[in-house]
Amino acid sequence: MHYYKLNNKVLFSLKPYTLDNEITEDIAKKKRDVLYFLRKFNPKFSRNSFSISQPSQLYLKNEDLNLLRKDDAYKELVPYWIIRKIENREVVSVNTNYSDWQKSIIDRDFKKCLLVNPCSKPRLKVNDKFSINICGLGDVGGTLLTSLRLVGGDCISKIGIYDTDLNKVQRYEYETNQIFIKNKNFPDVVPVSTYKIFDCDMFVFCVASQVPPIGSEKHDVRMVQLDANSKILSIYAKLARSSNFKGIFAVISDPVDLLCKSALISSNTNKMGVYDFKGLLPEQIRGYGLGVMNARANYFAMQNVETKHYQNEGRAFGPHGNGLVIADSINNYNKRLSQELTKKTLAANLQVRKTGYKPYIAPAISSAALPIVETLRGNWHYSATFVGGVYMGARNRLNNTEIEIETLDIPSALVIELEKTYKMLGGML
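Take the sequence shown: its position 89, counted from the start at 1, is 90 in our numbering, and no numbers get skipped.
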């Protein structure tokens, strides 16, 4: 191991770096703060930084599905005091192929911010409340707003609302602020202008150009929206770039996972069409679509005695749509039961549409409102984050050293299914 100090912060690496202030291990281990692990990855397929959750992640050759797999290898190669730091989630992986990696370390203060650093606004402690701006007040956006007003009082200070239809803005400002009961905290709901839309800790994109009408179920209704929604999203992704936005850019609109990648590309492409890495970081963008797939899988699992264990043992992976992988159990994976649950979960969207209604209540709450609140609380939840060039849905959380993806002892049969999905997502955009 090689150890360095940068502005009183300790860095270490497996390979030597040409940094001025190299220090000994004895000096490094006396530092009680967060450690920064330096490595070089291709920035098109890796994040600027992420939380190290197991020693094997120090030896990754690239970011891929191995981030989801529990691996006890390499422990004997890592000093015990660093292993303890990893167990306490006090080690951050930093990709030095990002041009401003040193500045990003200097500007960080994990005691002040739970979100991507440096923060849009400094905070005194991790549990300070956050501000959210919602863009788009259609069926999903309106339901999301109402839900956040109800359940987000402990972690949300203010919810800004924006829509091109000013009547919608006025309506929701009136109605949601009239949701009240004595002695309970509710975040204020306030209209925001285009110029203030990124003056927040989390921006939530809920705009849909046109939701396919009832009767168009012959095609994947989510994919039908990709082209039109990505064009709208591009406007806001570029605005986030010009605003130097440092918070979370959350995508709710369909198809969630592909729109996340679209936002990343648009934000980092300059006016000359060159991808210059000067926009949103990959880890700033996250997609909220998998939560409802987990909820639907649980709904169907509880109807069958063979699959009731899903609630405690099961997991959902992948996109909000085709490519979804439902595992009935991580402890005792059954391929047949898992595939049956996956099929039913994928069809649930169409079953609602057969009733003559568009399905948006469960998605707005189970995919968006509840996971967003859990994100801000630093709890485990389902969302899509950047994994080696694609946005892959899995359980994750934001801890004091950024995104931690849940690692599991994944059965080999399930690994095969996940690899199919990962490859599919990688070839779609």
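Quick reminder that beta carbons are idealized off the backbone N, C-alpha and C, glycines included.
Taking all protein chains in view, the Cβ of M393 is crowded by 16 or more other Cβ atoms within 10 Å, so the residue is classified as buried.
Taking the Cα positions, N401 is about 8 Å away from E91. The continuous alpha helix (DSSP H) containing V257 extends over residues V257 to S268. Around the beta carbon of Q179, fewer than 16 other beta carbons lie within 10 angstroms, which makes this residue exposed. By the Cβ-count criterion, G143 is buried, with 16 or more other Cβ atoms from all chains shown falling within 10 Å of its own Cβ.
Spatial neighbours of S339 in its own chain (CB-CB distance under 7 Å, excluding positions within 5 residues in sequence) are listed in chain order as I327, A328 and D329.
Contact between I133 and I160 holds: their C-beta atoms lie close to 5 Å from each other, under 8 Å. Here K159 carries a strand assignment [DSSP, helix/strand/coil]. At the C-beta level, L234 and V208 come within 9 Å of one another. DSSP, reduced to helix, strand and coil, places F181 outside both helices and strands of the structure shown, so it counts as coil. Bridge pairing for D189: K159 [DSSP]. When Cβ pairs closer than 8 Å are counted between the two stretches, the segment 82-90 is seen not to touch the segment 406-418, the count staying below three.
Contact between S263 and S231 holds: their C-beta atoms lie close to 4 Å from each other, under 8 Å. Residue burial annotation: F181 is exposed, with fewer than 16 other C-beta atoms found within 10 angstroms of its C-beta. Residue environment: A74 is assigned as exposed (fewer than 16 neighbouring CB atoms within 10 Å of its CB, all protein chains considered). DSSP places S105 inside the alpha helix (DSSP H), whose first and last residues are W102 to I107. Non-local C-beta neighbours of K6 in its own chain, meaning closer than 6 Å and more than five positions away in sequence, comprise N22 and I24, ordered along the chain. According to the DSSP assignment, Y300 belongs to the alpha helix (DSSP H) that extends over L291 to A302.
Three or more pairs of CB atoms, one per stretch, sit closer than 8 Å, so the segment 362-379 contacts the segment 285-302. Ranked by how close their Cα comes to the Cα of P256, the residues F46, N8 and L325 have L325 in first place. Rounded to the nearest angstrom, the gap between the Cα atoms of P283 and A229 is 22 Å. The Cβ neighbour count for I162, taken over all protein chains shown within 10 Å, is at least 16; the residue is labelled buried. The beta carbons of F246 and F199 sit closer together than 9 Å. When Cβ pairs closer than 8 Å are counted between the two stretches, the segment 374-392 is seen not to touch the segment 355-363, the count staying below three.
Inclusion of L39 and F318 in the CB contact set at 9 Å is not warranted, their separation being larger than that value. Of the residues assessed, S14 falls on the buried side of the cut-off, its CB having 16 or more other CB atoms within 10 angstroms. In this structure, the straight-line span from the alpha carbon of N295 to that of L61 is close to 29 Å.
Within the same chain, Cβ atoms closer than 6 Å to the Cβ of E418 are found at V326, the five residues on either side in sequence being excluded. Residues N134 and F250 of the same chain have their beta carbon placed closer than 6 Å to that of F204, with the five preceding and five following residues left out of the count. Around the beta carbon of T19, fewer than 16 other beta carbons lie within 10 angstroms, which makes this residue exposed. Listed as beta-bridge partners of I406 by DSSP are N397.
In the DSSP secondary-structure assignment, N134 is bridged to G161 and F204.
Rounded to whole angstroms, Y276 and K45 show a C-alpha spacing of 10 Å. With distances taken between CA atoms, G322 lies nearest to A298 out of A298, A302 and H310. The closest CA to that of I53, considering only L36, K41, F42 and L66, is found on L36.
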